[in-house]
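So the structure is just underneath, and the comments pick up after that.
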Amino acid sequence: MADPKYANLPGIAYDQPDVYETDDLPEADQNDETFEEENECIERLHLSAADSYLKFKDKQLSGTVDFSDRLKKVPNRGYDARSGVWELAGEGEKETILQKYQRLQCEMKEFLEEVEALKVEAKGDKKGSADEAAGYKALAANIERAQKQLSEFRLEETLGPELLASLKDPETAQIKKLFAHFETYKQKSTKPTSVSSKQKTAPAVSGGDGLQYQLRYRPEQSQLQQTSRVTDLEQRLNKLESILGTSNENMARLGSTIHNQSITEAVEKLESRYALLLEPSQIETAEARLTGLASKLDSVAEKVNGQSDPEKDAKVTELYELVKKTESISSILPQTIRRLTALESLHREASEFSSSLAKLEAFQLKIASSLEGNEKLLQSVNKGFAENIETVQKNMAGIDQRIAALKK
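full-length UniProt numbering applies: residue 1 is where the sequence shown begins, and numbers increase by one.
In structure tokens, the structure reads:
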């Protein structure tokens, strides 16, 4: 039962079906914008995701940094964020300040690790002198002090992030600088200027703020490049001719070998086969096969060079004589084979007829035996009928006598 306290409430239609979905709001009420109230007690931080990404880009955490609680004048700083990739200058290239700073850090770290290893070896070696161990210890202390000074020297704070970025990637910095010049020139060209009609008709003079494009063409340079390409091609052709030869036989042999393929593909196939043959497993397999083949050749040579078997010679002689005897028959043998092949069907039909005749004879014998049995059965039936008739006649005679006796 429904709760009576909800009965007769206003706004409820009892004579209509229940609807659990409402219509959309009017169009005027659909785009209500919500505004957050400004409050001085609430601090709103404006964070830039792009700046955060650039700040923490190429940074990683080192788990080997010790920031445990110890009694120090300066508190520990926790994890030290280090750059992920350091690029050193190549041989003959000029080092930048950043590359020199990174190289010094790497070399000091490697030198400190080598000194620590030497200290451990000196401790493990009982014969080592105490002076050598003390020297290693002092050297390690000096290197640690220098490394500490180098780490305390904040290159980013000293040079600034923009200059450090330009030193890290000079090409990108030059591109950014060029785009900045383009932007400044674009802004200057779009600014409205109040000039007179005389100034508008005056010829434009390229000042320091303008952009100048120069296109230079050197025909002798392009001709030299084309000549160098032709010379390179001729050298390659001469090299191919010296390797392959210029005779028609060699060219025909080369065409039959590569099978409508380019020389590069044929050389690549040969290189792949050669690399496959140089594998240790393939060499061992080929060596095993060659060893087996050599043993077989040795056995064949021994059999050829050894003494002949008299029994085998006698059999070979006998076979030779038999072949000589059958030479006269060999001319008639194909005709005989053809005749036998032609008579094959006749022989097959004759064999089928003989088999059917044998079946017929067996069936005839079976019928004769069944007829004999039926004849014996008929004789026994006739004999039984005769005996029964005689018995019936005797019974009828006895009945007649009894009837006659009764009539008297």
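We put the CB at the ideal spot given by N, CA and C, even for glycine.
Length of the line joining the Cα atoms of A275 and E265: 15 Å
T317 versus L340: straight-line alpha-carbon distance, rounded: 32 Å
Supposed close pair A140, V115 - CB separation, criterion 8 Å: 5 Å
Simplified DSSP state of Q60, which is helix, strand or coil: strand
Local conformation of Q261 per DSSP, three classes: coil
Buried versus exposed, by CB contacts within 10 Å (16 or more), L377: exposed
E144 beta carbon less than 8 Å from that of L112: yes
Nearest-angstrom beta carbon gap, M108 and A146 [assumed within contact, 8 Å]: 6 Å
Straight-line Cα distance separating L270 from P280: 18 Å
Coil, strand or helix - D298 by DSSP: helix
V205 burial status per 10 Å Cβ neighbour count (16 or more: buried): Reliability fails at V205, whose pLDDT of 41 lies under 50, so the model's placement of it is uncertain and the value that follows must be treated cautiously. Exposed is the call here.
Check whether E244 and L233 have beta carbons under 8 Å apart: Note on identity: in this sequence residue 244 is Leu, with Glu being the wrong assignment. Not closer than 8 Å, so no.
Straight-line Cα distance separating S351 from A358: 11 Å
Local conformation of G398 per DSSP, three classes: helix
Helix, strand or coil at N8 according to DSSP, with G and I counted as helix: coil
Simplified DSSP state of T96, which is helix, strand or coil: coil
Simplified DSSP state of L45, which is helix, strand or coil: coil
Residue range of the unbroken alpha helix (DSSP H) whose run includes V316: 310-325
N248 to E241 span [Cα, whole Å]: 12 Å
Length of the line joining the Cα atoms of L278 and Q221: 47 Å
Span of the alpha helix (DSSP H) around N238: 219-244
C-alpha gap between R289 and K296, whole angstroms: 11 Å
Boundaries of the alpha helix (DSSP H) in which I337 is found, first to last residue: 333-342
Distance between D400 and Q364 (C-alpha atoms, nearest Å): 53 Å
Nonlocal neighbours in the same chain, by C-beta distance under 8 Å from D51, ignoring five residues either side: none
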